[in-house]
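Quick note: the sequence shown uses our numbering, first residue 6, plus one each step.
To keep things clear, I will list the structure first and then write my remarks on it.
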Amino acid sequence: MLSWLGQSPEFIRTIFELTIIPGVIGVFMVTTLNAMRARIGQSQQGIGQAYGVFYFGIAPFSV
């Protein structure tokens, strides 16, 4: 499915890695955090802060 990335210019691969992949990971994290929030009963603001810390803190360094 991702074989077309092999023939793409380097910058397209870089953009893909810096946006799509962390986005997918972030959605997975938010889904997990929302499931935890449903059990624990935390506020939605805390989930947003955790997502922001993950996306802007960890994701840029994951590639």
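Just so you know, even glycine gets a beta-carbon here, dropped at the ideal spot from N, CA and C.
Since this is a predicted model, take the numbers as computed values, not measurements.
Asked, Found
"Span separating the alpha-carbon of residue 73 from that of residue 34", "Residue 73 lies beyond the residue range present for the chain, which begins at 6 and ends at 68; the question has no answer from this structure."
"Spatial distance of residue 6 from residue 24 (CA atoms)", "Note that residue 6 scores 48 on pLDDT, short of 50, meaning its location in the model is unreliable; the coordinates nonetheless yield the value given after this. Straight-line Cα distance between these residues: approximately 18 Å."
"Helix, strand or coil at residue 27 [DSSP, three-state]", "helix"
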